[in-house]
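Take a look at the structure below.
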Amino acid sequence: MRSRDVQKRMAAANPLDRERAAALPLSSAEAELLDALLAEPSPEPPSPAHPSALAKGRRPRRLAVGAVALASCLLAFLLTFGSDGGRPIGQPNSAYAAAMVDYAESAPRLLLTAPGWRVDGLVSGAESYMQFLRGNGPEPEQAELSWTPTSDRSLESRVRDLTDELDTRPLSTAPVLGTTATVIRYHEWSPEDLGLFALWEEDGYVVQYSARASTAAFEAQLASLQKVETETWLAAMPADVVRPEEFEPTVRQMLEGVAVPPGFTAADVVAASVPTDRYQLGASVAGSVSCAWFAKWAEARRRGDVSEVSAAVAAMATAKDWPVIRQMEREGAYGQILTHLAEAMPRGSVWRDRPLEVDVESALGCDRLGIPLSR
Amino acid sequence: MTASAASSLDRRLAEERFRHLYAAHVREVLAYVLRRTADAEDAADAVAETFLVAWRRLPEVPAGEEARAWLYGVARRTLANQRRGERRRHQLAERLGADLAIVVESSAAEDDDERLQFALESLPPDDREILRLSAWEEMSPSQAARVLGISAIAARSRLHRARRRLARALAEWRPEPSPTTNLELKEER
Numbered sequence: 001m002r003s004r005d006v007q008k009r010m011a012a013a014n015p016l017d018r019e020r021a022a023a024l025p026l027s028s029a030e031a032e033l034l035d036a037l038l039a040e041p042s043p044e045p046p047s048p049a050h051p052s053a054l055a056k057g058r059r060p061r062r063l064a065v066g067a068v069a070l071a072s073c074l075l076a077f078l079l080t081f082g083s084d085g086g087r088p089i090g091q092p093n094s095a096y097a098a099a100m101v102d103y104a105e106s107a108p109r110l111l112l113t114a115p116g117w118r119v120d121g122l123v124s125g126a127e128s129y130m131q132f133l134r135g136n137g138p139e140p141e142q143a144e145l146s147w148t149p150t151s152d153r154s155l156e157s158r159v160r161d162l163t164d165e166l167d168t169r170p171l172s173t174a175p176v177l178g179t180t181a182t183v184i185r186y187h188e189w190s191p192e193d194l195g196l197f198a199l200w201e202e203d204g205y206v207v208q209y210s211a212r213a214s215t216a217a218f219e220a221q222l223a224s225l226q227k228v229e230t231e232t233w234l235a236a237m238p239a240d241v242v243r244p245e246e247f248e249p250t251v252r253q254m255l256e257g258v259a260v261p262p263g264f265t266a267a268d269v270v271a272a273s274v275p276t277d278r279y280q281l282g283a284s285v286a287g288s289v290s291c292a293w294f295a296k297w298a299e300a301r302r303r304g305d306v307s308e309v310s311a312a313v314a315a316m317a318t319a320k321d322w323p324v325i326r327q328m329e330r331e332g333a334y335g336q337i338l339t340h341l342a343e344a345m346p347r348g349s350v351w352r353d354r355p356l357e358v359d360v361e362s363a364l365g366c367d368r369l370g371i372p373l374s375r
Numbered sequence: 376m377t378a379s380a381a382s383s384l385d386r387r388l389a390e391e392r393f394r395h396l397y398a399a400h401v402r403e404v405l406a407y408v409l410r411r412t413a414d415a416e417d418a419a420d421a422v423a424e425t426f427l428v429a430w431r432r433l434p435e436v437p438a439g440e441e442a443r444a445w446l447y448g449v450a451r452r453t454l455a456n457q458r459r460g461e462r463r464r465h466q467l468a469e470r471l472g473a474d475l476a477i478v479v480e481s482s483a484a485e486d487d488d489e490r491l492q493f494a495l496e497s498l499p500p501d502d503r504e505i506l507r508l509s510a511w512e513e514m515s516p517s518q519a520a521r522v523l524g525i526s527a528i529a530a531r532s533r534l535h536r537a538r539r540r541l542a543r544a545l546a547e548w549r550p551e552p553s554p555t556t557n558l559e560l561k562e563e564r
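Chains as they are written, first to last, in my numbering: chain A, 1 to 375; chain B, 376 to 564.
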């Protein structure tokens with residue numbers, strides 16, 4: 001199905017179209033609400049010390065990985081880099097570090113080397129992407145680089161799909177890293193508001209670079225992309241990417257205040273993606289604990305063990321208050337999804353007759369976390 | 376002009392601006408909310424909370440068309456808080472809630488695209504939201520970006536990915552037996 005067909009189908013499924021919304025007989029109630037609102041205290045003057053994130057609306061949220069929404073500004077996690085006196089964990093520093101280096105060695109490892117650009121975020125996975133920023137104001141320049149294996153999808157297919165999606169032609173080309181990229185342009189509002197995508201192949205990946213910029217600025221950015229050594233690339237990662245030496249204390253800190261099943265230890269937590277940022281590691285920690293509870297719940301239901309079922313439901317009912325979830329709330333929707341699933345435990349399904357385990361697996365990725373939900 | 380007279384003028388100017396903002400956008404915000412929850416009380420509370428925030432932070436509300444995205448951003452967060460169980464029952468919204476309870480039921484659309492509903496449900500919430508903002512709120516990626524607090528280019532990329540995922544989910548859909556409930560309600564509750 002083509003993108004424009006998806007859009008048409010979505011539009012047709014609008015539960016309340018504009019005409020019907022306009023015709024709702026609510027004018028009197030709306031007028032009453034307006035009067036009530038105006039009876040409230042006067043507006044506050046704007047506070048320069050606390051600019052509204054909503055009003056700015058520009059700070060990029062961190063990108064998504066897996067089946068859950070991961071988003072964000074920088075998360076101010078208070079990490080305790082204490083002594084290494086805790087329990088041994090299953091994903092030791094060396095394993096995480098090795099996985100991180102393996103990932104970096106197989107990735108395209110491209111950095112924008114033009115002055116002022118920095119890496120603001122990295123999401124690893126089947127489709128990995130990193131975000132670059134330049135400037136520190138409320139509206140920094142932004143660019144995004146993503147890469148997927150050519151074995152998953154060919155360059156031609158990606159270009160065709162994106163061109164259909166953006167409904168824009170013709171294509172152009174630009175030099176990048178000794179090869180030629182296909183460049184796709186689109187306008188958001190006006191000819192001045194230009195967005196550009198460049199796609200090319202690099203080391204077995206289809207790489208896509210996108211930015212809102214003039215053609216000349218975009219081409220200059222492409223020209224400044226350079227492939228770097230593994231150490232340089234890892235060193236360029238933003239502060240919230242969990243470094244190997246931080247992995248163990250961070251997991252222990254995130255487990256504080258979390259209701260874990262009997263026998264569950266920090267050793268049962270595996271990073272779902274490597275490298276990972278603190279939000280995603282939080283998802284791995286909360287996800288591992290939750291998957292363990294869901295697995296116990298499913299098993300107890302099969303056995304008819306009412307007390308075990310109740311224990312799992314009661315434990316998951318506390319998930320929305322786990323400190324790790326409360327901290328993640330500021331960045332994305334993981335906690336909402338978890339709460340949604342936990343609330344569905346008593347009826348065993350979030351969608352018709354589909355077993356809850358299907359949705360838990362889809363949302364939390366229990367298999368990836370090494371805690372399969374046998375059915 | 377005395378301080379008290381200046382303050383009175385400020386108040387009148389603020390009221391005037393707010394009346395315009397409210398008149399221009401209250402029905403849009405109401406529709407936005409009703410597309411995401413079928414609970415009349417929750418919908419009325421979300422509308423009241425959104426405009427209460429707008430009134431209290433009026434100097435921060437952008438002018439013109441950008442106000443809509445700003446208001447949707449507030450409404451979106453209010454709905455998210457409701458889903459987390461953090462409801463604020465507004466006395467302000469009592470009348471609106473009561474009227475909504477009557478009209479919502481009679482105006483509810485038939486959800487006959489079960490396959491689409493299923494496929495949407497399988498997507499991450501942010502994917503669902505950008506698809507809805509684009510198709511239901513008829514927002515450009517730049518406008519949707521303001522609702523979601525992300526960059527326009529990131530919104531464009533996310534929309535592109537979300538459509539790909541939805542197309543894939545539609546292709547993979549297999550009907551389940553015994554349809555009994557309304558997905559949209561479950562998702563938003």
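Virtual Cβ for every residue (Gly too), placed ideally from N, Cα, C.
Quick caveat, the model's predicted, so the values are computed rather than measured.
- Taking the Cβ atoms as the reference, residue 7 of chain A lies roughly 7 Å from residue 538 of chain B, within the contact range of under 8 Å.
- For residue 395 of chain B, none of the residues of chain A pass the 8 Å Cβ criterion, the least Cβ distance being about 11 Å.
- The Cβ atoms of residue 468 of chain B and residue 414 of chain B lie no closer than 7 Å to each other.
- Under the criterion of beta carbons closer than 8 Å, residue 174 of chain A and residue 219 of chain A qualify as touching, at roughly 5 Å.
- Annotation: the continuous alpha helix (DSSP H) that includes residue 324 of chain A extends over 323 to 328.
- According to the DSSP secondary-structure assignment, residue 183 of chain A is paired through a beta bridge with A/172, A/198.
- Within chain A, the residues whose beta carbon sits less than 8 Å from that of residue 409 of chain B are 15, 16, 21, listed in sequence order.
- At least one beta carbon of chain B lies nearer than 7 Å to the beta carbon of residue 32 of chain A.
- Taking residue 503 of chain B as the centre and dropping the five residues before and after it, the same chain places the C-beta of 495 closer than 7 Å to its C-beta, in chain order.
- Non-local beta-carbon contacts of residue 397 of chain B in its own chain, meaning distances under 7 Å to residues more than five positions away in sequence, involve 426 in chain order.
- Going by DSSP, residue 343 of chain A is part of the alpha helix (DSSP H) stretching over 334 to 343.
- The C-alpha of residue 256 of chain A is placed about 36 Å away from the C-alpha of residue 493 of chain B.
- Here residue 517 of chain B has 527, 530 as same chain residues with Cβ atoms under 8 Å from its own Cβ, once five neighbours each way along the sequence are excluded.
- With respect to the 7 Å criterion, residue 40 of chain A and residue 108 of chain A are not classified as neighbours on the basis of their beta carbons.
- Here the alpha carbons of residue 133 of chain A and residue 119 of chain A stand approximately 6 Å from one another.
- Here residue 544 of chain B has 494, 497, 498 as same chain residues with Cβ atoms under 7 Å from its own Cβ, once five neighbours each way along the sequence are excluded.
- Across the set A/141, A/34, A/359, A/136, the C-alpha of A/141 shows the shortest separation from the C-alpha of residue 217 of chain A.
- Taking the Cα positions, residue 535 of chain B is about 34 Å away from residue 416 of chain B.
- Among the residues facing chain B, residue 10 of chain A is included, as its CB has a counterpart in that chain under 7 Å away.
- Residues of chain B whose Cβ lies closer than 9 Å to the Cβ of residue 144 of chain A are, in chain order, 526, 528, 529, 532.
- Interface criterion met: the Cβ of residue 401 of chain B is under 7 Å from a Cβ in chain A.
- Residue nearest to residue 172 of chain A within the set A/198, A/324, A/349, A/293 is A/198 (criterion: CA-CA distance).
- Residue 412 of chain B carries a coil assignment under DSSP once its states are collapsed to helix, strand and coil.
- Cα atoms of residue 37 of chain A and residue 148 of chain A: separation of roughly 51 Å, rounded to the nearest angstrom.
- Residue 542 of chain B has a beta carbon lying within less than 7 Å of a beta carbon in chain A.
- By the C-beta density criterion, residue 179 of chain A is exposed, having fewer than 16 other C-beta atoms within 10 angstroms.
- It is roughly 14 Å from the alpha-carbon of residue 195 of chain A to the alpha-carbon of residue 533 of chain B.
- One Cα belongs to residue 268 of chain A, the other to residue 213 of chain A, and the distance between them is close to 45 Å.
- A buried status is given to residue 284 of chain A, since no fewer than 16 other beta-carbon atoms sit within 10 Å of its beta-carbon.
- Partner residues in the beta bridge of residue 212 of chain A, as assigned by DSSP, are A/195.
- Residue 132 of chain A: member of the beta strand (DSSP E) spanning 128 to 134, first to last residue.
- Interface residue (Cβ-Cβ distance to chain A less than 7 Å): residue 474 of chain B is classified as such.
- For residue 544 of chain B, the secondary structure class from DSSP, reduced to helix, strand or coil, is helix.
- With contact defined as three or more Cβ pairs closer than 8 Å, the region 154 to 162 of chain A and the region 301 to 319 of chain A are not in contact.
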